[in-house]
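Structure first, then comments.
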Amino acid sequence: MTMGTACADKTTVGLRIHQALARELGIAILSGEYNPGDAFGGEIEQSEARGISRTAYREAMRILTAKGLLESRPKAGTHVTPRRHWNLLDPEVLEWMFSGTPDERFIVDLFELRGVIEPAAAEFATLRHDESDLARMDAALEGMRLHGLRTFQGQAADQDFHTALIDATRNEALASLASSVSAAVRWTTRFKQQRHKRPRDPLPEHETLRDAIASRQPKRARVAMEDLLRLALADMRGE
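To convert, take the position in the sequence shown, counting from 1, and add 9; that gives my numbering.
Right, dumping it as structure tokens:
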């Protein structure tokens, strides 16, 4: 794929050349077009072949290296790294992963990770939230109710709800995971909406969770979050 083709993709409109190239190559690596150990040609050769500056090519390589997808060694050149080195929770990497059809095992992995983080976060939020946190959750629920999860606005509201919940834990370590959890919510929701013509409405589970948090019932909040995630995964599988 040339950069001209990549820039014609509506998703890359507005990206700078090095960002568009990083996205193009990132998707190719994540989809298996490139395998771990595969080598990239030299900077001069690759930049000329793609019709871009060496600086733009170099910046794209830096982005992919920072995300763990590539490594560069003196004399050995630039290679695709083993999958275990990939930063799969990076919000951009998640977007690249879901630009095609992600492996179902990876989707299950994401839900298992959320199952570790979010039920505990819900318990903390019941004990530590204040009225401003509930106001954020209520605004997010209203956005989901008004727009529905088939729309970008509804999906953004869904993200806002989960981010508000994590922020309500008052735990900086958990808050550092908010962008990754939010991205996982966004892309799994969008994938589910694309996969099923008439997906189930998850708003009732979110409302139950909000009410459990507001009433300061930690165990009820944990169970509500676990139910929300279990049903979301079942929806993803079409069960």
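Heads up, the beta-carbon is just placed ideally off N, CA and C, and yes, glycines get one too.
Who are the near neighbours of residue i in its chain, counting only those whose CB is closer than 6 Å to its CB and skipping five residues on each side?
i, result
"Leu-143", "Ala-223"
"Gly-109", "Ser-40"
"Ala-85", "none"
"Pro-45", "Val-89 and Pro-91"
"Ser-56", "Arg-63 and Tyr-66"
"Glu-68", "His-27"
Identify whether residue i lies in helix, strand or coil by the three-state DSSP scheme.
i, result
"Arg-159", "coil"
"Leu-73", "helix"
"Thr-110", "coil"
"Glu-33", "helix"
"Leu-183", "helix"
"Ala-48", "strand"
"Thr-178", "coil"
"Pro-208", "coil"
"Arg-229", "helix"
"Arg-199", "helix"
"Arg-25", "coil"
"Glu-235", "helix"
"Ser-40", "coil"
"Ser-224", "coil"
"Ala-165", "helix"
Out of curiosity, what's the CA-to-CA distance linking residue i and residue j?
i, j, result
"Gly-163", "Phe-107", "18 Å"
"Leu-335", "Pro-208", "Residue numbering for the chain in the displayed model covers 10 to 248; residue 335 lies beyond these limits and cannot be assessed."
"Asn-96", "Thr-135", "31 Å"
"Thr-64", "Asp-236", "49 Å"
"Phe-170", "Arg-159", "16 Å"
"Thr-74", "Asp-99", "13 Å"
"Ala-241", "Arg-82", "43 Å"
"Ala-130", "Arg-59", "46 Å"
"Ile-116", "Arg-225", "31 Å"
"Asp-176", "Met-234", "16 Å"
"Asp-210", "Thr-198", "11 Å"
"Asp-112", "Arg-246", "12 Å"
"Phe-49", "Met-70", "10 Å"
Going by other Cβ atoms of all chains shown within 10 Å of its Cβ, with 16 needed for buried, is residue i buried or exposed?
i, result
"Ile-53", "exposed"
"Pro-128", "buried"
"Asp-118", "exposed"
"Arg-231", "buried"
"Lys-201", "buried"
"Gln-203", "exposed"
"Ser-191", "buried"
"Ser-189", "buried"
"Arg-268", "Absent from the model: residue 268. The displayed extent of the chain is 10 to 248, so no value can be given."
"Ala-173", "buried"
"Ala-182", "exposed"
"Ala-29", "buried"
What does a CB cutoff of less than 7 Å around residue i pick up in its chain, not counting 5 residues either side in sequence?
i, result
"Ala-166", "Ala-149, Gly-152, Met-153 and His-156"
"Met-10", "The pLDDT assigned to Met-10 is 42, lower than 50, so where the model puts this residue is not dependable; a value taken from the coordinates is nonetheless given after this. Closer than 7 Å at Cβ, skipping near neighbours: Glu-33."
"Lys-19", "Low per-residue confidence applies at Lys-19: pLDDT is 49, beneath 50, and the placement is therefore not dependable, though the value from the model is reported in the following sentence. Excluding positions up to five away in sequence, the list is empty."
"Leu-238", "Phe-120, Arg-123, Gly-124 and Glu-127"
"Pro-227", "Glu-132, Thr-135 and Leu-136"
"Glu-42", "none"
"Gly-77", "Thr-90, His-94, Trp-95 and Asn-96"
"Glu-216", "Leu-150"
"Val-194", "Asp-167, Gln-168 and His-171"
Would you say residue i lies against chain B (beta-carbon separation less than 8 Å)?
i, result
"Thr-110", "Absent here is chain B; the protein component of the structure consists of one chain."
Tell me which residues share the same chain as residue i and place their Cβ nearer than 8 Å to its Cβ, disregarding the 5 neighbours each side in the sequence.
i, result
"Trp-105", "Arg-32, Gly-35, Ile-36 and Leu-39"
"Arg-179", "Phe-133 and Arg-137"
Segments assigned beta strand (DSSP E), at least 3 residues, entirely inside the region 58 to 104: Here the runs fully enclosed are 79 to 82 and 86 to 89.
Complete alpha helix (DSSP H) runs within the region 113 to 155 (minimum length 4 residues, chain order): DSSP assignment within the region 113 to 155 yields the following whole alpha helix (DSSP H) runs of 4 residues or more, N-terminal first: 113 to 137.
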